[in-house]
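Numbering (the UniProt record's numbering), first residue to last: 1 to 204. In this text, a Cβ means the ideal position worked out from N, Cα and C, and glycines have one as well. Everything below concerns the one structure shown next.
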Amino acid sequence: MSTPGKPTAKAEARALAQRERILTAAQKCFVVHGFHAASMANIADTAGMSAGLIYRYFKGKNDIILAIIERQLEEARADIAKLHATSDLVSGIAEVFQQWQANDPNITSAALFLELTAEATRDEEIAAATHASDRVFRSDLAAWFARSAKDGGLGIPKAAVDTRVLILQCLIEGLAMRAISQPDLDVEQVKTALDQFLPSLLTA
């Protein structure tokens with residue numbers, strides 16, 4: 001029996017599904033139009049619902065952007081949690097690069113990453129959320145680098161962890177840019193480059 005005034009599990013699941021539908025539509029609109037040109041009406045049309053319904057879940061575009069940042073962090077943390085000492089990071093990064101090239105809607109696109117980065121230079125609230133998300137992401141990566149191999153980590157000496165994390169982030173973010181500026185880049189060439197570089201970065 002449900003508690004009066006408390007949403008049922010079915011209602012909560014429906015609300016979550018509606019939020020995800022809105023966020024997915026918003027991501028598409030932000031990539032196509034940019035944050036400022038994309039309107040709530042655009043998002044509503046893409047989501048196949050009324051703008052009024054969207055306002056039941058989000059106060060406005062900034063709320064949607066903040067929710068997207070939060071969702072991206074959750075996805076990134078889940079990916080890091082799956083990493084272990086024997087993870088094939090070369091294949092994993094190459095696969096993401098291909099998804100960026102194909103504008104795969106199931107992952108954060110390279111274009112959306114650039115939109116968020118640019119918007120963080122103009123909006124203090126989004127900047128704060130972006131910086132906070134980045135700190136958590138770096139912390140999770142650093143924990144993986146520092147953990148011993150027997151615990152699923154890389155066993156990187158503590159003094160070298162922050163530098164290695166920075167290099168890996170710059171590499172991945174650079175590939176996101178490369179997916180946009182060089183969309184015809186052969187993924188095998190990316191793999192070759194990663195094979196030459198990553199082992200020294202990931203070895204204690």
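Distance check for E12 and D184, CA to CA, integer angstroms please. The straight-line gap from Cα to Cα measures roughly 43 Å.
Host alpha helix (DSSP H) of I107 (start-end): From DSSP, I107 is part of no alpha helix (DSSP H); its letter is neither H nor E.
Would you call the CB atoms of L73 and F113 closer than 8 Å? It is not a contact, given that the beta carbons lie outside the stated cut-off.
In this structure, how does DSSP classify Q167 when only helix, strand and coil are distinguished? The amino acid occupying residue 167 in the given sequence is Ile; Gln does not appear at that position. Here DSSP, grouped into helix, strand and coil, assigns I167 to helix.
Reduced DSSP category for residue 232 - H, G, I as helix; E, B as strand; rest coil: Here the chain has residues from 1 to 204 only, and residue 232 is not among them.
Identify, in the order they occur along the chain, each residue of the same chain with its Cβ nearer than 7 Å to the Cβ of D140, setting aside the five sequence neighbours on each side. Taken in chain order, the residues that qualify are R77, I80.
What do you get for V187, buried or exposed, if any count of 16 or more other CB atoms within 10 angstroms of its CB means buried? Label assigned to V187: exposed.
Using a Cβ distance threshold of 8 Å, determine whether the region 10 to 29 contacts the region 46 to 60, with at least three qualifying pairs required. As far as the Cβ criterion goes, the region 10 to 29 touches the region 46 to 60, which means the pair count is three or higher.
On a CA-only basis, which of I69, A118, T203 is nearest K158? Give me that one, please. The shortest C-alpha to C-alpha distance from K158 to any of I69, A118, T203 is the one to T203.
Applying the 10 Å Cβ sphere with the 16-neighbour rule, what's the burial state of M1? Residue placement at M1 is poorly supported in this model, since its pLDDT is 45, which falls under 50; the coordinates still yield a value, given next. With fewer than 16 Cβ atoms within 10 Å of its Cβ, M1 is classed as exposed.
Quick one: measure Cβ to Cβ for A110 and A179, integer angstroms, because I've assumed they're closer than 8 Å. 5 Å
Based on Cα-Cα distance, which residue from I167, Q182, G152, A15 lies nearest to L198? I167
When the Cβ atoms of the region 55 to 68 are set against those of the region 151 to 165, are three or more pairs found closer than 8 Å? No, they do not touch.
A149: beta carbon under 7 Å from a heavy atom of the ligand COA? As for the ligand COA, it is missing from this structure, which has no ligand bound.
When we look at the beta-carbon of A129 and count the other beta-carbons within 10 Å, is it buried (16 or more) or exposed? Buried: at least 16 other Cβ atoms inside 10 Å.
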